[in-house]
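Numbering (the working numbering), first residue to last: 14 to 215.
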């Protein structure tokens, strides 16, 4: 009898493990699908003083004013990243126009983002391609958005940009059936990967 109960427990544990592995594999795949389809913008203020936060927003506006038409012809995330990489000196120049003499660093790379909610969609935590604009010491609050597809815009324009994404990607980040469960699974997976990475670096 004990042996029979043990076999039942082992079978249940094996089934639970298989389900967990399948969910993890699905979550990793969906997070990678989303992150690979976007290029995000991260503007970091010099400090949290009111004047620095206001300056951050002026720098943001200048960068977007320059970058948005430059990316108009980008047809893929890879092409958008290539364009941004070639335009880094010009993007920095656009930022410096409003930086009032502060140093500005502009880089393109991979960066961890926490979960963010926007007007018509949400993005799960995880690693994303990121255009970083760091003003001065970069010790102030952040401003985040998405430059490809162009989502640093009004809700109506956001919806048009979202139409360019694949159906599974769009369903995951917008209010479709099953949105909360799917989104939360991917969100937790992104947070777990970041936690593992931090512990490995410690």
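Where a beta carbon is used, it is the ideal one built from N, C-alpha and C, also for glycine.
Item, Value
"So what's residue 92 in DSSP terms, helix, strand or just coil?", "helix"
"Can you give the beta carbon distance from residue 72 to residue 111, rounded, assuming they're within the 8 Å contact cut?", "5 Å"
"Could you check how far apart the C-beta atoms of residue 54 and residue 157 are, in whole angstroms? I think they sit under 8 Å.", "7 Å"
"Tell me, please, whether the stretch 85–105 touches the stretch 57–67 by the rule of three or more beta-carbon pairs shorter than 8 Å.", "no"
"Leaving out five residues on either side along the sequence, give the residues of the same chain with a beta carbon under 7 Å from the beta carbon of residue 93.", "52, 84, 87, 161"
"Excluding the 5 residues preceding and the 5 following residue 108 in the sequence, name in chain order all residues of the same chain whose CB lies nearer than 8 Å to its CB.", "72, 75, 76, 117, 119, 146, 148"
"Just the Cα atoms here: how many angstroms apart are residue 31 and residue 135?", "Low confidence applies to residue 31: its pLDDT is 48, below 50, so where it sits in the model is not reliable enough to give any reading."
"Are the beta-carbon atoms belonging to residue 49 and residue 90 less than 8 Å from one another?", "yes"
"Sort out for me which residues DSSP pairs residue 123 with in a bridge.", "142"
"Quick one: is residue 114 buried, meaning 16 or more other Cβ sit within 10 Å of its Cβ, or exposed?", "exposed"
"Straight-line CA distance for residue 139 to residue 56?", "18 Å"
"Would you say residue 150 reaches chain C, if we count a Cβ-Cβ gap shorter than 8 Å as a contact?", "Although the question refers to chain C, the structure presented lacks it and comprises just one protein chain."
"With respect to the alpha helix (DSSP H) encompassing residue 71, which residues constitute its N-terminal and C-terminal limits?", "63–83"
"Can you give me the Cβ contacts of residue 153 inside the same chain, cut-off strictly under 7 Å, excluding the 5 residues immediately before and after it?", "57, 58, 59, 60, 61, 65, 66, 69"
"Taking DSSP as the reference, what is the three-state secondary structure of residue 101?", "helix"
"First and last residue of the beta strand (DSSP E) that includes residue 55?", "52–57"
"Any idea what DSSP makes of residue 135, helix, strand or coil?", "strand"
"From 79, 128, 150, 127, pick the residue whose C-alpha is nearest to that of residue 104; which is it?", "79"
"Report yes if the C-beta distance between residue 130 and residue 141 is below 8 Å; otherwise report no.", "no"
"By Cβ distance, which residues of its chain are closer than 8 Å to residue 151, with the 5 residues on each side in sequence left out?", "57, 58, 59, 118"
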